[in-house]
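In the numbering used here, the protein residues as written are 1 to 876.
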Amino acid sequence: MELPTIYDPNTIEDKWYAYWLENGYFQSKPDDREAYTVVIPPPNVTGVLHMGHMLNNTIQDVLVRRARMLGKNACWVPGTDHASIATEAKVVHRLREKGIRKSDLTRDAFLGHAWEWTHEHGGIILEQLKKLGASCDWDRTRFTMDEAYYDGVIDTFIDLFNKGLIYRDVRMVNWDPVALTALSDEEVIHKEEHGLLYHVRYAIADAEDEWLTIATTRPETIMGDTAICIHPEDERFVHLHGKEACVPLIGRRIPIVLDDYVDREFGTGCLKVTPAHDVNDYDLGKKHDLETIDIFHANGTLNEQGGSYEGMDRFDARKAIHKDLEEAGFLVKTEDYTNKVGRSERTDAVIEPRLSLQWFLSMKELAQPALDHVMDGTVAFHPPKFKNSYRHWMENVKDWCVSRQLWWGHRIPAWFYGEGKDAFVVAKTASEALDAARIKSGRADMQREDIRQDEDVMDTWFSSWLWPIQVFDGLKTEEEVSYYYPTADLVTAPEIMFFWVARMIIAGYEYRGEAPFKNVYYTGIVRDKQGRKMSKSLGNSPDPIELMNQYGADGVRVGMLLTSPAGNDLPFDEKLCEQGRNFANKIWNAFRLTQSWEVEQDAAQRDSSAQAIVWMQNRVNEVLMELDAQFAEFRLSEALMGTYRLVWDDFCSWYLELVKPAYGQALDGKTYDATVELFESILKILHPFMPFQTEEIWHWIGDRSAPADALCIAPWPKVGVIDQDLLTHFETFKQLVSEVRNVRKENQIPHRDALVLHVDSGEGYPAALEAALIKLCNLSSIEQTKEKVPNSFGFLIGRSSFFIPFGDAVDADAEKEKIHKEIQHVTGFLKAVQGKLSNERFVSNAPDAVVVMERKKESDALSKLDVLNAKLKDLG
RNA sequence: GGGCAUUUAGCUCAGUUGGUUAGAGCGCUACAUUGACAUUGUAGAGGUCACAGAUUCGAAUUCUGUAUUGCCCA
């Protein structure tokens, strides 16, 4: 057997993933075991894996693999989201490249193209998840537009409508005048842009040469003005209460209304109100019962309400009106101004707030249980700080606009039979709709062609809010949902806490009567070294697939997890993957070392080996216990770091060095078996983090040819009894070894020259580890002494003194220098302690235990100083 | 503008109810290297815990204010 010195992940990762799939380890069926369910946050069906997915899914895989080893029935459900806007935009773009416009196609023809695109690109991302090792039950893969899923979404809409919670109303949407569709808030990018603030004066009606001046960034909308608003307590404008003003250029009379919404400090303190073209103005309009005048066409040109500007583009109209206002003496001044402008993510067009009829879900009542049960911890947030913003959002929850002017998605099951606002019915099929419409309208002769279905689809989130239920067909059958629901942990980004997490909790209570998951782990945002969010447009995101090719999937997994405490951003650096790869290499070489040993089954075990084994077993137990606590709190990077140090420091640097036979010598069978056993425990602990490599070594280290022997389904190690004293002694032992190494190094005594160590042992001296000490320090003997040994290097650890007699050459000055330095350190320490102890208020107020501790510190330091001073004297 | 966070070593972060002269990983520096591993080993340096007050015998930790950076909402 030839094992390469460098671990090469590429040759083995695909092999093991195929093996896992072939043996169905990731498949889950309901049984007697406790279920551990995770539903994947479904990525966009046509998306490709980016670093955010890499992080998110690595975390899920770690949790799922650990649960599987803990004996739970682990079920990780994968799937994709139809992502209505993003996908439709991509399809429209592709059609345009072929010279086809969406408006030239029928709905069915367009959907044909969309499905074609979905089948072509859909699922790429799922294949990529396999590369990182994701242990999903692939037989359960779901898509939000699958027939059964689609059905459930439609049923939900109808159900909520029948409950009186869905209604139709006018609302201001983010309108993209280029794409001719409404956009959701998250598709609008707000950026600061330079513009002008126009100060325009309006004449007061029925008064002579009396004016008020407003400040606006959008003079082109003055044709839509239907009021002026001032602050009710603004003393500058008391005389205007109850009056009217005239719109410049056209002279139309509008009321002056009072509202404390107005910011008195901003501009002139007077606000023009254009209810049709600004969200805040719209609210003011509703509040004060103002007229709404829409002056734009859908494409952003002015309509017949725009008077002489009719047909002009909104930005041309702005210039024209600027000129006209100036010429007519209405423009007081302009000033440079920077404000936030919303632009469409897709077309970069400036968003126009626009009024339109939309479908809404009434939220207040639905949200209550979802709010209560997060606040009382039924659903636990990790980290809990996110509860604050969750509460804030839920307490002020607004009705949810669930319609989108798109074709790709779940079509709204509403059917119109006339022009009136209420001339519609909600029904699953055309024939049901026709029946209902005949009744509602009283027109028994109504025909199929007299009704037409709403063209719009639902917001994507209106399907994904059912995800934890619908992946188990839970709206229709109890068969699986009653076993797997509620799921255990949800791992997602805080950005979608409102869009998705909150709404899933709402749907969970509405349709299952309980929350969809017990824990929500919020990951951070992956950023580059400069702290910028990774994005395609910036081109600062490495391709996870390439990273995995370079560093191995295990290496990248470790790299990502090393620096990602829950809820904190993750400043990504390729160096981290390098660290992960180096770790994998370290493990590989530890394995190679054990394989290189010649084992003599019946040889006597060295005392040092026996000591090392007991200690290492205790360390493993200690880490296992820590891991339980860390996983319970989702402190994954700490869990990984603890494991990392267990392997690198404890196992490789201390344990293996202690048991390693001298060159050319054999190892006894007892130690070898114990080492293999320890190695196997370590592989189990590592497996959730580094599944591929651990599975590989697991199969080398023992005969695991039967499918039932795979590591990924091996039982998690049980925590044994922990001997705390032993662990403490070993820490002292480590210090001791370190001191001896220092003496060797500072005096250039090579390791091969054996030394004699004299010990004046005190409390805490690790006598039981002497054999280990002899081995690691290459001592010829350890001599007990009660006096200081002349002509020797010395050091103190705890209450024990150690001496190593000089050899031939000694640098007395260097030794003195070292002792001086230590005396300085101890004196400083003593001063601080004595300062406390001489403070009467400390002695009388502090708890006894603390005072006793301080006294002990004092006496330790004093005796240490005695020894050091004596040594100094000794050196002359 | 409102709300919520953040600030500890060069970098990324721990630091549980106040009680060792504040820890880890990476990086850095020096030295080492025929026998697992240079994707390595041994050792070392490095911090006024953002700032200013307050409470306390005692504050990185609690309180107040200021600054900083970031997120969410408007």
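Every residue, glycine too, gets a C-beta built ideally from N, C-alpha and C.
When the beta-carbon positions are compared, Val759 and Thr785 come within less than 8 Å of each other. Between the C-alpha atoms of Val676 and Phe842 there is a straight-line separation of about 53 Å.
Taking C-beta atoms as the reference points, Ala507 and Trp461 fail to come closer than 8 Å. For Val843, there is no enclosing beta strand (DSSP E); the residue is part of the alpha helix (DSSP H) that begins and ends at Glu840 to Asn845.
Counted as a single uninterrupted DSSP element, the alpha helix (DSSP H) harbouring Glu365 occupies residues Lys364 to Met375. Only residues of its own chain outside the window of five on either side were considered, and among them Pro30 and Ala35 have a CB closer than 6 Å to the CB of Tyr483, listed in chain order. One thing to note: Gly828 has its Cβ no nearer than 8 Å to the Cβ of Gly798.
Around the Cβ of Tyr663, a 10 Å sphere holds fewer than 16 other Cβ atoms; the residue is exposed. Between Ala227 and Val170, the gap from beta carbon to beta carbon reaches 8 Å or more.
Cβ contact annotation for Thr268 (same chain, cutoff 7 Å, sequence separation greater than five): His199, Thr213, Ile214 and Ala215, in chain order.
Selection Leu683, Leu726, Gln724 and His729 evaluated against Ile713 yields Leu683 as nearest (Cα-Cα). Here the C-alpha atom of Arg512 lies approximately 9 Å from the C-alpha atom of Val481. Sixteen is the threshold: since fewer than 16 other Cβ atoms of the shown chains lie within 10 Å of the Cβ of Arg855, the residue is exposed.
With 16 or more other CB atoms across the displayed protein chains lying within 10 angstroms of its CB, Phe583 is buried.
Secondary structure of Met458 (DSSP, three-state): strand. Around the C-beta of Glu88, 16 or more other C-beta atoms lie within 10 Å, and the residue is accordingly described as buried. Residue range Glu352 to Leu361 is occupied by the beta strand (DSSP E) that includes Arg354. In the displayed model, Phe572 falls within coil according to three-state DSSP, outside both helix and strand.
Under the three-state reduction of DSSP output, Cys777 falls in the helix class. Cβ contact annotation for Val77 (same chain, cutoff 6 Å, sequence separation greater than five): Val39, Arg140 and Val471, in chain order.
Secondary structure of Val623 (DSSP, three-state): helix. Contiguous beta strand (DSSP E) elements confined to the region 173-197 occur at 181-183, taking only those with 3 or more residues.
Per DSSP, Gly285 is one residue of the alpha helix (DSSP H) stretching across Val279 to Lys287.
Val402 places its beta carbon 8 Å or farther from that of Trp467. Excluding the 5 residues flanking it on each side, Glu13 has same chain C-beta neighbours closer than 6 Å at Ala553 and Phe692, in chain order. DSSP, read as helix, strand or coil, puts Glu478 in coil.
With a contact defined as Cβ atoms closer than 8 Å, Met51 and Ser541 qualify at about 6 Å.
Straight through space, the alpha carbons of Asp283 and Met172 are spaced by roughly 10 Å.
Taken through DSSP and simplified to helix, strand or coil, Ile525 comes out as coil.
Relative to the Cα of Leu779, the nearest Cα in the group Ala179, Ala706 and Arg744 belongs to Arg744. Cβ atoms of Leu562 and Met497 stay farther apart than 8 Å, at about 25 Å.
Look at the beta carbons and you see the region 413-421 touching the region 442-454: at least three pairs across the two are nearer than 8 Å.
By the CB criterion at 8 Å, Leu366 and Glu510 fall inside the cutoff. When the alpha-carbon of Lys385 is set against those of Ala708, Arg557, Leu240 and Thr523, the nearest one is in Thr523.
Note on geometry: alpha-carbon atoms of Gln305 and Gly224 lie some 8 Å from one another.
By the Cβ test, the region 69-84 is in contact with the region 704-719, since at least three Cβ pairs between them sit closer than 8 Å.
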